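**Student:** Numbering (my numbering), first residue to last: 25 to 269. Positions of the beta carbon are idealized from the N, C-alpha and C atoms, including for glycine. Predicted model, so just to flag it, every value in this text is computed and none were measured.
#1: Going by DSSP, what residue range makes up the beta strand (DSSP E) through residue 202?
#2: Can you tell me which of the three DSSP states residue 159 falls into?
#3: Quick one: what's got a C-beta closer than 8 Å to residue 163's C-beta in the same chain, skipping five residues either side?
#4: If you measure between the beta carbons of residue 183 and residue 106, is that distance less than 8 Å?
#5: DSSP three-state label for residue 181, please.
#6: Taking all protein chains shown into account, decide if residue 189 is buried (16 or more other Cβ within 10 angstroms of its Cβ) or exposed.
#7: Buried or exposed, going by whether 16 or more other CB atoms sit within 10 Å of the CB of residue 139?
#8: With a 10 Å radius around its C-beta and 16 neighbouring C-beta atoms as the bar for buried, classify residue 207 as buried or exposed.
#9: Cα-Cα, which of 154, 158, 152, 170 is closest to residue 196?
#10: May I ask which residues mark the beginning and end of the beta strand (DSSP E) holding residue 191?
#11: Run the CB neighbour count on residue 252, radius 10 Å, all protein chains shown included, and call it buried at 16 or more, exposed below.
#12: Under the DSSP definition of a beta bridge, which residues are partnered with residue 253?
#13: Helix, strand or coil for residue 89? Go by DSSP, reduced to three states.
#14: Distance, Cα to Cα, residue 92 vs residue 181?
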């Protein structure tokens, strides 16, 4: 059965630069949390469109984690995990509203490697810094959203989407902030899910998993009911007295 599954992640970014980068002096005040809203949209083949069924799944993530890449700026990222049909082709698309540049105040320090556990005392650890990146005018990270992992939790296939609410321009020491960021995760094809329940202790690295399994299975049942109804013969309409038939 041809399936199209679309999960929309809407990120509210109203003046959240200071909350995301506590170590950077940003002349803004804002909330300490970013709220993501995931919407499930699914239909069969050519029937996909605005009229298809839609279920909203609100999710709150408690905080952001730095991007752990040695030598590169420590910018915050959020991760959200979504269950997808087995073997589905997954694509991402993003859209932003009211993007603007905000001065970071000072250079965002690069991520450093862990100090050695052995050796003589007094050794000075050498600064690790990607000098080519810090001299570049290209924003970091280059992508607002990307898929960083795909695996299984029990019998459910799960993707991990990394969302960067802020982008840092190293050469000018500016932050690119958007009031709104929408990430659309589209899944085409794949098999139906095999498990109804995902238990917390089995998630492991998928701690930000959106519990959209029940919504997908409900859509599976609805699509099967529609397919069964479409195969049944339709009743013959009675002749209208106005037509003279």
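**Tutor:** Reading it off the structure:
#1: In the DSSP assignment, residue 202 falls within the unbroken beta strand (DSSP E) covering 198-212.
#2: Secondary structure of residue 159 (DSSP, three-state): coil.
#3: If we look at residue 163 and ignore the five residues flanking it on each side, its Cβ neighbours are 191, 192, 193, 200.
#4: With respect to the 8 Å criterion, residue 183 and residue 106 are classified as neighbours on the basis of their beta carbons.
#5: Residue state, collapsed to three classes: strand.
#6: Its Cβ being crowded by 16 or more others within 10 Å, residue 189 is buried.
#7: Residue 139 comes out exposed.
#8: Counting Cβ neighbours within 10 Å, residue 207 comes out buried, since at least 16 surround it.
#9: Measuring from the Cα of residue 196, the nearest candidate turns out to be 158.
#10: Boundaries of the beta strand (DSSP E) around residue 191: 190-193.
#11: With a threshold of 16 other beta carbon atoms within 10 Å, residue 252 falls short and is exposed.
#12: Beta-bridge pairing links residue 253 to no other residue.
#13: DSSP places residue 89 in the strand class (E or B) of the three-state scheme.
#14: The straight-line gap separating the alpha-carbon atoms of residue 92 and residue 181 is approximately 25 Å.
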